[in-house]
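Just below is one structure, and these are the notes that go with it.
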Amino acid sequence: MFGLFKSKSAIEHEKRVQLFYQNCKKEIEDYIAGCPEPTREDILKIAVNAKLMQVLFGGVKQIQAEAREFLYPFTTNGLAVFISIDGMEEYAALEKMQALVKTNFDQLVEKNSSDLSLPAINAAFIMSKLIEFDRRLK
(Lines of atoms letter the chains of each structure in order from A and count residues from 1; the text may use other names and numbers.)
(Lines give C-alpha, C1' and ligand atoms only; values in the text may rest on other atoms or scores of the structure.)
Protein backbone atom coordinates (compact mmCIF):
# COMPACT_ATOMS: atom_id res chain seq x y z
CA MET A 1 0.00 0.00 0.00
CA PHE A 2 2.85 2.40 0.74
CA GLY A 3 4.13 2.15 -2.83
CA LEU A 4 0.82 3.20 -4.38
CA PHE A 5 1.57 6.91 -4.32
CA LYS A 6 5.23 6.89 -5.34
CA SER A 7 6.24 8.77 -8.43
CA LYS A 8 7.75 6.96 -11.36
CA SER A 9 11.10 8.66 -10.67
CA ALA A 10 11.01 7.55 -7.03
CA ILE A 11 10.33 3.96 -8.06
CA GLU A 12 13.17 4.07 -10.62
CA HIS A 13 15.51 5.57 -8.05
CA GLU A 14 14.73 2.77 -5.59
CA LYS A 15 15.37 0.17 -8.31
CA ARG A 16 18.76 1.69 -9.18
CA VAL A 17 19.83 1.81 -5.55
CA GLN A 18 18.70 -1.79 -5.01
CA LEU A 19 20.60 -2.89 -8.13
CA PHE A 20 23.84 -1.28 -6.96
CA TYR A 21 23.38 -2.68 -3.45
CA GLN A 22 22.82 -6.20 -4.78
CA ASN A 23 25.86 -5.91 -7.09
CA CYS A 24 28.08 -4.85 -4.19
CA LYS A 25 26.68 -7.57 -1.95
CA LYS A 26 27.24 -10.23 -4.62
CA GLU A 27 30.79 -9.07 -5.26
CA ILE A 28 31.65 -9.35 -1.55
CA GLU A 29 30.05 -12.81 -1.44
CA ASP A 30 31.98 -13.86 -4.55
CA TYR A 31 35.23 -12.52 -3.10
CA ILE A 32 34.62 -14.51 0.08
CA ALA A 33 33.79 -17.63 -1.95
CA GLY A 34 37.10 -17.20 -3.79
CA CYS A 35 39.03 -17.22 -0.51
CA PRO A 36 38.51 -20.66 1.05
CA GLU A 37 41.29 -19.87 3.54
CA PRO A 38 41.26 -16.07 3.84
CA THR A 39 44.47 -14.31 4.76
CA ARG A 40 44.75 -11.32 7.06
CA GLU A 41 44.71 -9.06 3.98
CA ASP A 42 41.59 -10.78 2.59
CA ILE A 43 39.71 -10.25 5.85
CA LEU A 44 40.74 -6.60 5.98
CA LYS A 45 39.74 -6.08 2.35
CA ILE A 46 36.31 -7.57 3.05
CA ALA A 47 35.95 -5.45 6.19
CA VAL A 48 36.88 -2.23 4.38
CA ASN A 49 34.49 -2.98 1.51
CA ALA A 50 31.72 -3.78 4.00
CA LYS A 51 32.29 -0.48 5.78
CA LEU A 52 32.38 1.41 2.47
CA MET A 53 29.07 -0.26 1.56
CA GLN A 54 27.68 0.78 4.91
CA VAL A 55 28.67 4.38 4.20
CA LEU A 56 27.11 4.25 0.72
CA PHE A 57 23.87 2.50 1.60
CA GLY A 58 23.46 3.19 5.33
CA GLY A 59 21.18 6.14 4.71
CA VAL A 60 18.84 4.29 2.36
CA LYS A 61 15.83 3.47 4.49
CA GLN A 62 14.56 0.70 2.23
CA ILE A 63 17.70 -1.42 2.72
CA GLN A 64 19.17 -0.14 6.00
CA ALA A 65 18.21 -3.15 8.09
CA GLU A 66 19.27 -5.72 5.49
CA ALA A 67 22.57 -3.91 4.88
CA ARG A 68 23.32 -3.70 8.59
CA GLU A 69 22.62 -7.41 9.07
CA PHE A 70 24.76 -8.39 6.06
CA LEU A 71 27.68 -6.02 6.69
CA TYR A 72 28.10 -5.99 10.47
CA PRO A 73 29.86 -9.38 10.77
CA PHE A 74 32.40 -8.38 8.13
CA THR A 75 33.28 -5.08 9.76
CA THR A 76 33.76 -6.76 13.12
CA ASN A 77 36.02 -9.37 11.51
CA GLY A 78 38.35 -6.55 10.51
CA LEU A 79 38.55 -5.44 14.13
CA ALA A 80 39.14 -9.03 15.20
CA VAL A 81 42.19 -9.20 12.90
CA PHE A 82 43.76 -6.22 14.60
CA ILE A 83 42.87 -7.47 18.08
CA SER A 84 43.65 -11.19 17.83
CA ILE A 85 46.32 -11.37 15.13
CA ASP A 86 48.09 -8.05 15.67
CA GLY A 87 47.57 -8.07 19.45
CA MET A 88 46.13 -4.56 19.62
CA GLU A 89 43.89 -3.19 22.33
CA GLU A 90 40.26 -2.77 21.27
CA TYR A 91 40.35 1.03 21.10
CA ALA A 92 43.59 1.03 19.09
CA ALA A 93 42.11 -1.57 16.74
CA LEU A 94 39.02 0.57 16.26
CA GLU A 95 41.16 3.63 15.50
CA LYS A 96 43.27 1.67 13.02
CA MET A 97 40.18 0.27 11.28
CA GLN A 98 38.64 3.74 11.08
CA ALA A 99 41.87 5.14 9.62
CA LEU A 100 42.02 2.33 7.04
CA VAL A 101 38.43 2.95 5.97
CA LYS A 102 38.97 6.73 5.88
CA THR A 103 42.08 6.35 3.73
CA ASN A 104 40.22 4.17 1.25
CA PHE A 105 37.17 6.45 1.26
CA ASP A 106 39.41 9.46 0.59
CA GLN A 107 40.98 7.54 -2.30
CA LEU A 108 37.50 6.90 -3.70
CA VAL A 109 36.74 10.61 -3.48
CA GLU A 110 39.99 11.56 -5.22
CA LYS A 111 40.40 8.77 -7.79
CA ASN A 112 37.06 6.89 -7.85
CA SER A 113 38.91 3.76 -6.71
CA SER A 114 40.97 2.75 -3.72
CA ASP A 115 43.65 0.24 -2.80
CA LEU A 116 41.16 -2.15 -1.22
CA SER A 117 37.81 -1.43 -2.85
CA LEU A 118 36.16 -3.93 -5.15
CA PRO A 119 34.99 -2.83 -8.63
CA ALA A 120 31.29 -2.91 -7.69
CA ILE A 121 32.00 -0.65 -4.71
CA ASN A 122 33.85 1.77 -7.01
CA ALA A 123 30.89 1.84 -9.41
CA ALA A 124 28.40 2.28 -6.57
CA PHE A 125 30.46 5.14 -5.14
CA ILE A 126 30.50 6.96 -8.47
CA MET A 127 26.77 6.44 -8.96
CA SER A 128 26.02 7.49 -5.39
CA LYS A 129 27.47 10.88 -6.25
CA LEU A 130 25.37 11.09 -9.42
CA ILE A 131 22.01 9.88 -8.13
CA GLU A 132 22.39 10.44 -4.38
CA PHE A 133 21.43 7.03 -3.01
CA ASP A 134 20.22 8.40 0.29
CA ARG A 135 18.19 11.32 -1.03
CA ARG A 136 14.76 11.60 0.48
CA LEU A 137 12.05 10.30 -1.78
CA LYS A 138 8.80 12.23 -1.82
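At position 56 of the sequence shown the residue is numbered 132 (our numbering), and the sequence of numbers has no breaks.
Each residue gets a CB set at the ideal place from its N, CA and C atoms; glycine is no exception.
Owing to the predicted nature of the structure, the values given are computational and were not obtained by experimental measurement.
Inter-residue distance for Gly163 and Lys178 is about 22 Å (C-alpha atoms, whole angstroms). Taking a cut-off of 8 Å on C-beta distances, the region 189-197 touches the region 103-115, as three or more cross pairs fall below it. At the C-beta level, Ser190 and Val131 stay beyond 9 Å of one another. About 6 Å separates the Cβ atoms of Phe96 and Met203, confirming a contact at the 8 Å cut-off. In this structure, the straight-line span from the alpha carbon of Val157 to that of Glu117 is close to 9 Å.
When rounded, the separation of the alpha-carbon atoms in Glu113 and His89 is 38 Å. At the C-beta level, Ala175 and Leu155 stay beyond 9 Å of one another. In this structure, DSSP gives Cys100 a helical state, which the three-state scheme calls helix. Taking the Cα positions, Ile161 is about 46 Å away from Ala86. With a beta-carbon spacing of about 12 Å, Phe146 and Ile122 fall beyond the 8 Å limit used to define contacts. If you draw a straight line from the Cα of Ala143 to the Cα of Ala200, it is about 14 Å long.
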